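2 protein chains.
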Amino acid sequence: MGHLLIDAALGRPVPRTPIWIMRQAGRYLPEYQAVRSQLSFLELCKSPDRAAEVSLQPVDILGVDDAIIFSDILIPLEGMGMNLVFDEGKGPLLSDPIRSRADVGRLTPYDAIRDNGYLPDAIRVLVRELGGRVPVIGFAGAPYTLACYAVEGKTGKQFARTKAFMLSDPEGFRALLGRLADAVADLLTAQIEAGASMVQLFDTWAGDLAPEQFRAFALPFAVEVIRKVRRPDVPFVYFVNGVAGKLHELQGCGATMLGIDWRIGLDEVRSVYGPTMPLQGNLDPCTLYAPPEAIEEQVARVLAENAGGPHVFNLGHGVLPDIPVAHVKHLVDCVKRLSVRGDS
Amino acid sequence: MGHLLIDAALGRPVPRTPIWIMRQAGRYLPEYQAVRSQLSFLELCKSPDRAAEVSLQPVDILGVDDAIIFSDILIPLEGMGMNLVFDEGKGPLLSDPIRSRADVGRLTPYDAIRDNGYLPDAIRVLVRELGGRVPVIGFAGAPYTLACYAVEGKTGKQFARTKAFMLSDPEGFRALLGRLADAVADLLTAQIEAGASMVQLFDTWAGDLAPEQFRAFALPFAVEVIRKVRRPDVPFVYFVNGVAGKLHELQGCGATMLGIDWRIGLDEVRSVYGPTMPLQGNLDPCTLYAPPEAIEEQVARVLAENAGGPHVFNLGHGVLPDIPVAHVKHLVDCVKRLSVRGDS
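Read top to bottom, the protein sequences are chains A and B. If you count by our numbering, then the first sequence holds residues 1 to 344, one letter each, in order. If you count by our numbering, then the second sequence holds residues 1001 to 1344, one letter each, in order.
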């Protein structure tokens, strides 16, 4: 039996637009906070039962159309021997950043099952507990975005060191990206084998690149991952945050569906990709600070801009931690109500 | 007699591509730091002689093709009665943010000469001291970007309060934008009357809007400013940071030249605007962390992507405070050397 979300992502006809929300298992939910009060962020990632538990919460509370596994894009960096800690308030820190070709040699060989096996384990628990109610989504960070974290050692804004490494030693930087692409492909494959019905590659920082550098450093390694991982029945979503300047670059990247941030209209994306490409997105997460009527109006706008093409509704980036749960629930309800296709 | 930069901005033929650099008078220059050690940021803005002095520094040190007046986009907010302070390290703070239609009523009537007269005064000093060597550029923040600061009370990342105000009370938010457009038009006109040969409107945050909201809230008020200020012989530059998703929106905005950030290629911009629209930009500021050969290569790439159309070279955003001065000088030299047009 098909799932609404998988059908939409594969471009098949569906009775209404499915919806999920990036970071739907997260801090804005009191039920998530309750679990997190008992263990650290990284402990939660590494506890399959608890990770599955928080992944289920938004399915029960919001009625979203999938359960994305709770995890973090940085775990393969830890799996490759880097020292990863999550400092409350400061975000992730890697105390031993990779800043030269020699540093790349410090990364240890990676095996998803051996080094991050708790993630496919969590997917297996989640699939079992869901019993087919909604599909499970797996994910990973894209090679360029992981390289930004590996080089900066923390979340960045300008990525000065990353770009200095990239421009001064392109081959050394490509060696890093190649190692990351191998790891990411292995990790996504392990998630599919554990039962993920769709996977998403998050390229959070690639939109910040000049297009020439996007073509040279971000895209080829994402394409390599897509090529290794993609299966006909498991949709592959490539999400580039800040995608507007790279629309032509992404043509032919091999992804089943493109994730689109909110800074460009879906109508503009369709003007390049046509009416049959599956698109995911793209409501500005800040819309959820607005009152319910405004949220409904903006949902209607996004649906109108998509103009009936294959579509999975989502925010254009992750839900913010101080958003009222009632507003998120209202969003889900609006999408379900406003997107019903008339029969005939 | 014409100036190279003004000619290029007006689309006239020039022997080489002119260059200036956003934030060229600023913290990366030891000579600027020496002045700033004697007075605060806002005191410097308000001292016409000293503001003119730091505006001149990059002309002497780097050989750029204009002197942009040293100032700050937030001064009209202070001029309209808001309490503006610059906290070292934290950036600007406005302790009495505008968060409702009632708050908009708190803004006092604005007159550029009375409330920010030190800025046209500084331009007069600068024009006199330059004696025609290079033209003087004036500037202001665009209404939407100023509204972000007025509402958030500080520099933002997500602009949650701004968007909540915008979506919950569009008419109230438009009232704020209208007040800001009037002030900005008045301030730019005063700068032209004091001797500015070109003006730039900085819309630093408008690229973050969904296109529908860009069309509803950012664009019309920028267009109003352009309409009120533009003169045939004084180029008007509209710079939207993160412009890639709004290229079609900007067609017909009335600006003489568009400022382009680095996240989209000038070739892509020209595919919409054609070969005759003057464009300004668009090297990634982080390129200046790279070694000299890489800087030269990237300059050549930007020139090639522009493909010979009317062009003023610039970074795609402001120069960063920890960039080596020698790299900035090298950038200026590369542009001057690589962009010379063959005669014949």
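Where a beta carbon is used, it is the ideal one built from N, C-alpha and C, also for glycine. Bear in mind that the values here come from a model prediction, so they are computed numbers and not experimental data.
Any Cβ of chain B closer than 9 Å to the Cβ of residue 208 of chain A would place that residue at the interface, and such an atom is present.
Of all residues in the segment 1270-1300 of chain B, the ones placed with a Cβ closer than 7 Å to any Cβ belonging to chain A are 1284, 1286, 1287, 1289, 1290, 1291 and 1294, in chain order. Annotation: the segment 127-172 of chain A contains the following complete segments of the alpha helix (DSSP H) (minimum length 4 residues), in chain order: 143-152 and 160-168.
Per DSSP, reduced to three states, the secondary structure at residue 280 of chain A is strand.
With distances taken between CA atoms, residue 1221 of chain B lies nearest to B:1184 out of B:1282, B:1184, B:1256 and B:1211. Within a 10 Å sphere around the beta-carbon of residue 1204 of chain B sit 16 or more other beta-carbons, which makes this residue buried. Where residue 87 of chain A is concerned, the enclosing beta strand (DSSP E) starts and stops at 84-87. For residue 1321 of chain B, there are no C-beta contacts with chain A under 8 Å, since the nearest C-beta of that chain is about 11 Å from it.
Within the DSSP bridge table, the entry for residue 1200 of chain B names B:1139 and B:1237 as partners.
At a cut-off of 9 Å between beta carbons, residue 1211 of chain B contacts chain A. For residue 168 of chain A, the neighbours in chain B by C-beta distance under 7 Å run, in chain order, 1290, 1291 and 1294. Taking a cut-off of 8 Å for Cβ pairs, the segment 1235-1251 of chain B and the segment 1183-1202 of chain B touch, as three or more such pairs fall below it. For residue 1316 of chain B, the nearest CB of chain A lies under 9 Å from its own CB, placing it at the interface with that chain.
Two segments are said to touch when three or more pairs of C-beta atoms, one from each, lie closer than 8 Å; by this definition the segment 313-326 of chain A touches the segment 269-288 of chain A. CA-to-CA, the gap between residue 231 of chain A and residue 132 of chain A works out to about 20 Å. The three-state reading of DSSP puts residue 194 of chain A in coil, since its state is none of H, G, I, E or B.
Around residue 1163 of chain B, the beta-carbon contacts reaching into chain A at under 9 Å are 284, 286, 287, 289 and 290. About 6 Å separates the CB atoms of residue 98 of chain A and residue 151 of chain A; that is less than 8 Å, so the two are in contact. With distances taken between CA atoms, residue 65 of chain A lies nearest to A:7 out of A:323, A:7 and A:162. Apart from sequence neighbours up to five positions away, the residues of its chain that approach residue 265 of chain A with a beta-carbon distance below 7 Å are 305, ordered along the chain.
For residue 311 of chain A, the enclosing beta strand (DSSP E) covers residues 311-315.
Look at residue 1215 of chain B here: in three-state DSSP terms it is helix. Linking residue 158 of chain A to residue 245 of chain A through their CA atoms gives a straight-line distance of about 17 Å. Any Cβ of chain A closer than 9 Å to the Cβ of residue 1117 of chain B would place that residue at the interface, and such an atom is absent. Comparing C-alpha distances from residue 263 of chain A to each of A:240, A:160 and A:29 shows the shortest one belongs to A:240. Close partners of residue 1265 of chain B in chain A (Cβ separation under 8 Å): 210, 211, 212 and 245. At the C-beta level, residue 1094 of chain B and residue 1149 of chain B come within 9 Å of one another.
Closest in alpha carbon position to residue 1086 of chain B, among B:1154, B:1076 and B:1137, is B:1154. When beta bridges are read from the DSSP output, residue 1092 of chain B appears opposite B:1086. Residue 44 of chain A and residue 35 of chain A do touch by the CB rule: their CB atoms are close to 7 Å apart, below 8 Å. The residues 135, in chain order, have a CB closer than 6 Å to that of residue 3 of chain A in the same chain once the five nearest residues on each side in sequence are set aside.
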